[in-house]
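Okay, so here's the structure we're looking at.
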Amino acid sequence: MAKTFADFKYLTFDVVGTLIDFEGGIKDCLAGIAEEAGLAVDGEEALKLYRAARYSPDADLFPDDLVRVYLAIAPKLGLPAEAKYGERLRDSAKSWKGFPDSAEALARLAKRYRLIAMTNARRWAFEHFSRELGNPFYAAFTADDTGTEKPDPAFFEKVFDFVASEGNSKDDILHVAQSQYHDIGISRKLGLTNCWIERRHAQKGYGGTIEPAEFTKPDFHFTAMAELADAVEQSKAA
């Protein structure tokens, strides 16, 4: 029997791409570098190159890896291939914005659930993201905390252990994310109920996120966080 919103105690969230507009942040930073060099860059092409460079065997943790990524994609974009610009791209994460509906939706959802962040970003970056979102999280797990990145099941197991320490189980979790590759597919395999926030619903392709080998139909599907918060409130009122 399908679960309802009343069946969950926790909402776990992917952060970068679901709550924080990392694609916009990357494109804005690259556009600024290009403008100073008297150039222009195609944002979507930059994201395509980013995606290909980011998922490399020698990749570092995110967003520290943006230094390496920048140096790999700069020549293809005609941008100056200097480390200082890679460091600028990395440090731009400190000022990346949440999607317009993120903070407000999280505040509404926090009235009913314990919100847990699950991010492949390092702790230093997550602290900036959390402040941007209004510090709504009950608990948070970063790549520094887990020693791995999603879609590694070990990342999820850390969260399951935490929930178990509070006398609950993964059955009490609704996992919310935009990445089919990092979150929706693996959460299904691990037996979690999931909610896909399709942030790129009005755009073609997967942008800066790796394309999954296969599409996973989610348990819940919205195109914005506000839609999820609305659905939860409507179910409560019913």
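Residue 742 in my numbering sits at position 76 of the sequence shown; the count goes up by one each step and never skips.
Glycine residues also receive a C-beta, built at the ideal position from the N, C-alpha and C atoms.
With DSSP as the reference, label residue 840 as helix, strand or coil.
-> The residue labelled residue 840 in the question sits at position 174 within the sequence shown. Residue 840 falls in the strand class under three-state DSSP.
Start-to-end residues for the alpha helix (DSSP H) that takes in residue 794 | For this step, residue 794 is matched to residue 128 along the sequence shown. Counting along the chain, the alpha helix (DSSP H) containing residue 794 begins and ends at 789-798.
Would you call residue 812 buried or exposed, if buried means 16 or more other Cβ atoms sit within 10 Å of its Cβ?
-> Indexing the sequence shown from 1 puts residue 812 at position 146. So residue 812 counts as buried.
If we ignore side chains and look at the alpha-carbon of each, how far apart do residue 687 and residue 711 end up?
-> Here residue 687 refers to the residue found at position 21 of the sequence shown. Here residue 711 refers to the residue found at position 45 of the sequence shown. Each residue's Cα considered, the two are about 17 Å apart.
How would you call residue 723, buried or exposed, if buried means at least 16 neighbouring beta carbons within 10 angstroms?
-> On the sequence shown, position 57 is the one that residue 723 refers to. Answer is exposed; the Cβ neighbour count stays below 16.
Smallest Cα separation from residue 760: which of 729, 893, 808 and 678?
-> Sequence index remark: in the sequence shown, residue 760 carries index 94 (1-based). Closest option to residue 760, Cα to Cα, is 729.
Indicate the three-state DSSP secondary structure (helix, strand or coil) for residue 691 in the structure shown.
-> Reading the sequence shown from its first residue, position 25 is the one you call residue 691. Residue 691 falls in the helix class under three-state DSSP.
Under 8 Å Cβ to Cβ from residue 670, same chain only, skipping five residues before and after it: list those, please.
-> Numbered from its first residue, the sequence shown carries residue 670 at position 4. The answer, listed in chain order, is 901.
Please determine, among 839, 837 and 860, the residue with the shortest C-alpha to C-alpha distance to residue 848.
-> For the purposes of this step, residue 848 is identified with residue 182 of the sequence shown, where counting begins at 1. Here the closest residue by C-alpha is 860.
Counting only beta-carbon atoms, is residue 868 nearer than 8 Å to chain B?
-> Absent from the structure: chain B. Only one protein chain is present.
For residue 867, which of helix, strand or coil comes out of DSSP?
-> To locate residue 867, count along the sequence shown from 1; it is residue 201. In this structure, residue 867 counts as coil in the three-state DSSP scheme.
Span of the alpha helix (DSSP H), counted from its first residue to its last, around residue 852 = Your numbering for residue 852 matches position 186 in the sequence shown. Residues 851-855.
Which runs of the alpha helix (DSSP H), 4 residues or longer, sit entirely within the stretch 723-755?
-> 732-743
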